[in-house]
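Peer 1: Per the numbering used here: the sequence shown ends with 889, consecutive numbering throughout. Quick reminder that beta carbons are idealized off the backbone N, C-alpha and C, glycines included. Before I ask anything, let me first share the structure, which is written out below as structure tokens.
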Amino acid sequence: MRINVLQHTPNEGPGLIQDWAHVHDHEFYVYHPYQFGNLPTADETDLLVILGGPMSPNDDLPWIKEERVLIQQLLDQHKPIFGACYGAQQIVKTLGYAVTKAPHKEVGWAPVYRQSDAIPGIPDQLVALHWHEEMFQVPVEAQLLFSSDLVENQGFLLGDNVIGLQFHFEPQIDNVREMAVNDDQYPLEHNDLHQTPQEIIDHGVPASNKRVMFSLLDYITR
């Protein structure tokens, strides 16, 4: 399987998704469309991963619109797609639904609660890393997968091959440190989780997040 990853900022990489790919001996390619403008084709993509970033799907940038063309092609071909944060918002925007300012800015660690039994083996409650102030509308053709205390729309499952999460299960501890030290002002500005960059680092990554991240990717690629 060829996995094509769209990375949108240097400090939000694939993390555990890359580990999962190596465990299964998949080919792994990372594209940086915000910097180089390159995107894979649908035909050379078996799984598309769309990572987070500081931009919004509502930004009027050519490469953001080109990403949605690729997403639509993969949706038409019923290929698996996983989106994290901005990536999930891009999927929703491609489907014609809204991405808007969230009622609360969430930056740091907070619980998320499973809202669907569709994917086996997912605990009722998990602690995930949040790094966002926008949110997506859940498409009517999808089902709500996760919610948090502050923002209801935290994850969705579309059919059996597309998952979008507003939060992050993919970071390992080195990735968390990278996010916190490079984007260190973001948690300090009107953050409703009230966590500092150092508190976010000190929290550590729950061991369950790796199991769940692997389960989600197994589900959409099975």
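(1) Tell me whether the beta-carbon of P681 lies closer than 8 Å to the beta-carbon of V672.
(2) In the DSSP assignment, find the unbroken alpha helix (DSSP H) run with A688 in it and report its ends.
(3) Run through the DSSP bridge pairs and tell me what T767 is partnered with.
(4) Have a look at the DSSP bridge pairing and note the partners of I731.
(5) Kindly indicate which three-state DSSP category I748 falls into: helix, strand or coil?
(6) Would you identify the three-state DSSP class for Q833, choosing helix, strand or coil?
(7) Let me know if G788 comes out buried or exposed under the rule of 16 or more other beta-carbons within 10 Å of its beta-carbon.
(8) Quick check: the region 829–843 against the region 752–764, are there 3 or more CB pairs under 8 Å?
(9) DSSP on V898, reduced to helix/strand/coil?
(10) Under a three-way DSSP split, which group does S815 fall into?
(11) Can the beta-carbon of L793 be found less than 8 Å from the beta-carbon of V774?
(12) On a Cα-Cα basis, can you pick out the residue from D743, N725, P790, N705 that is closest to Y764?
(13) Thinking C-beta only, is I670 closer than 8 Å to D710?
(14) Between the beta-carbon of N678 and the beta-carbon of M846, is there less than 8 Å?
(15) Can you check whether the C-beta of Q702 is within less than 8 Å of a C-beta belonging to chain B?
Peer 2: Here's the rundown:
(1) Taking 8 Å as the cut-off, the beta carbon of P681 is found closer than this to the beta carbon of V672.
(2) First-last of the alpha helix (DSSP H) with A688: 683–690.
(3) Partner(s): M802.
(4) DSSP lists no partner for I731.
(5) I748 falls in the strand class under three-state DSSP.
(6) Looking at Q833 - three-state DSSP - the assignment turns out to be coil, as it is neither helix nor strand.
(7) It counts as exposed.
(8) Counting Cβ pairs under 8 Å, three or more are found: they touch.
(9) With the chain represented from 668 up to 889, any question about residue 898 goes unanswered, as that position is not in the structure.
(10) For S815, the three-state secondary structure derived from DSSP is strand.
(11) Not in contact: L793 and V774 (Cβ atoms no closer than 8 Å).
(12) A check of alpha carbon separations from Y764 across D743, N725, P790, N705 identifies N725 as the nearest.
(13) D710 places its beta carbon 8 Å or farther from that of I670.
(14) Cβ atoms of N678 and M846: closer than 8 Å.
(15) Among the chains in the structure shown there is no chain B, since it carries only a single protein chain.
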